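The sequence shown begins at 0 in numbering that gives the first Met the number 0 and counts up by one. Beta carbons are placed, not taken as given, at the ideal position from N, Cα and C, and that holds for glycine. Only a predicted model underlies this, so the values are computations on that prediction, with no experimental measurement involved.
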Amino acid sequence: MKQARVEDIYNILNDMAPFETAEDFDNVGLLVGDKEQIVNNVLVALDLSDDTIEYALKINAQLVVAHHPLMFSPIHSITMDSYEGRLIIKLIKNNISFIAAHTNMDKSPYSASWQLAKLLSLKNTSMVDEYIFVGDLPEPLSANELCLQLEKTLSQKVVLRGDEKHMIKRLAITGGSYSEGFYSAIDAGAEAYLTGELRHHHILEANSLGLVLFEGGHFETEYPMVPNLTECLQKDVNALELNVRVFSSRLS
């Protein structure tokens, strides 16, 4: 087995979901650390938080890969007086590098949306814009029945917005927050749309157009990407004969 560096993990992630495909407003890639740093253990998480870093220390991880970035908005100082400053300082003090894979991952086959589509056994799936997967349920369900199934899948209370008796065959999905995606869902012929967070005026407009909405929580609708990315990353490092173990965390 060969030693791995941060850059090796970066390159694998870049092959999965090219960083250059991220939105212009996003902040992805190696955000903290050294690309030449030796890596034996990698932690994959949805968020970088104090709890995530503590877990990384517990498993002796030299690299954290998270979906949500730091420094999403410009910062002008890195001090212990700010939340992000404390996280960055803690990473540096403990020699832990940090890679963020955000909207580039959302646009890839490893996205939360795609994982949710697989968990729900959707058929005839396709992407209708860069973030939404749409597909057919194995059998038509009422909105209320589908809501119960979504709650079981997400292990989370799901809020149904619309007619609970409406029959649904075609479902559109976006993990995370993409309230305005309901327009694309309608264009794709979906009878319902699942996302993590919804805006009030979008709920009113979508319902007026006959679309049922499901609000499943930002974390809960994105987390399915974490175990899948962990498994795929481990397979890729194994294929390259790199001496790396990949762990996952549900901490936020």
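May I ask you to list the residues that DSSP assigns as paired with residue i?
i	result
Glu196	Ser176
Asn242	Beta-bridge pairing links Asn242 to no other residue.
Arg4	Ile37
Leu212	Arg160, Tyr192
Asp266	The chain is shown only over 0 to 251; residue 266 falls outside these bounds and no answer can be derived.
Gly32	Note: Gly32 sits in no beta bridge, so no partner.
Leu292	Residue numbering for the chain in the displayed model covers 0 to 251; residue 292 lies beyond these limits and cannot be assessed.
Leu140	Ile167
Ile98	Leu29, Val64
Could you pull out every residue in the same chain whose Cβ sits closer than 8 Å to the Cβ of residue i, ignoring the five residues on either side in sequence?
i	result
Ile37	Gln2, Ala3, Arg4, Gln61
Glu204	Phe181
Gly84	Ile74, Ser76, Ile77, Thr78
Take residue i and list the residues in its own chain whose beta-carbon comes closer than 6 Å to its own, dropping the five residues that flank it on each side.
i	result
Val43	Val64, Val225, Leu228, Thr229, Ser247
Lys89	Ile52
Asn143	Glu163
Ile131	Ala171, Thr173, Gly180, Ser183
Val211	Ala142, Gly161, His165, Ala191
Rounded to the nearest angstrom, what separates residue i and residue j at their Cα positions?
i	j	result
Met0	Ile52	27 Å
Ile58	Val41	9 Å
Val27	Lys168	36 Å
Asp49	Ala116	31 Å
Leu170	Asp135	6 Å
Ile98	Pro68	8 Å
Leu145	Ser76	47 Å
Ala187	Gly216	23 Å
Leu30	Phe71	11 Å
Val157	Lys151	9 Å
Ser141	Arg160	13 Å
Asp80	Ile87	12 Å
His201	Val127	19 Å
Leu119	Lys92	42 Å
Glu240	Ile11	13 Å
His66	Ser110	10 Å
Ser107	Tyr177	16 Å
Asp14	Leu47	22 Å
Arg244	Asp33	19 Å
Thr124	Pro139	16 Å
Asn237	Asp23	33 Å
Asp235	Ser96	20 Å
Tyr82	Pro137	45 Å
Alpha carbons only, please: which of the options is nearest the one belonging to residue i?
i	options	result
Thr102	Pro17, Val243, Val127	Pro17
Ala189	His165, Cys231, Leu197	His165
Glu35	Asn94, Gly209, Glu6	Glu6
Trp113	Cys231, Val236, Pro223	Pro223
Taking only beta-carbon positions, decide if residue i is within less than 8 Å of chain C.
i	result
Leu56	Here chain C cannot be found, since the structure has a single protein chain.
Can you find the residues in the same chain that come closer than 7 Å, C-beta to C-beta, to residue i, ignoring five residues on each side of it along the sequence?
i	result
Tyr54	Leu42, Ser248, Leu250
Leu149	Val157, Leu193, Phe213, Gly215
Glu221	Leu45, His66, Ala111, Gly174, Gly175, Gly195
Asn242	Met0, Lys1, Gln2, Ala3, Asn39
Ile185	Leu208, Leu210
Leu56	Asn93
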